[in-house]
Amino acid sequence: TEAAGCPFGVGKRGNVLVHGDYCLPNVLVQDGKLSGLVDVGQSGLGDPEVDLAAGVWTLQYNFGKGFARAFLEVYGWPPMTDQAIEKLRRRYAR
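Heads up: the sequence shown begins at 50 in our numbering, then just goes up one per residue.
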């Protein structure tokens, strides 16, 4: 979905369309592919790290450590140290 024209959030440089609570219970998958998202009340323009933090947190909570790096890599995020990944995860856990 294009972020241009989104009436929610702040349209500043670097902001993208975010879900706002991108955790596994809010992700619908069919045949191994993303088919939808629910609980979109916090969606709008925002810092992409909002959803990345939630993604890292939910993967660790549901499956244990070891999935965050692959998630971030597939997303296309620059490589991060273990400490930076943990800091990102804690951003959601507050």
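Quick reminder that beta carbons are idealized off the backbone N, C-alpha and C, glycines included.
| Check | Outcome |
| --- | --- |
| Mind pulling the alpha helix (DSSP H) runs of 4 or more residues that sit fully within the segment 81-116? | 98-112 |
| According to the Cβ coordinates, are G63 and L94 closer than 8 Å? | no |
| Determine the direct distance from the alpha carbon of G69 to that of P128, and round the result to whole angstroms. | 23 Å |
| Alpha carbon to alpha carbon, how far is Q79 from G85? | 9 Å |
| Please report the Cβ distance between P97 and V123, rounded to the nearest whole angstrom; I am assuming they are in contact, meaning their Cβ atoms lie under 8 Å. | Rounded, the Cβ-Cβ distance is 14 Å, inconsistent with contact. |
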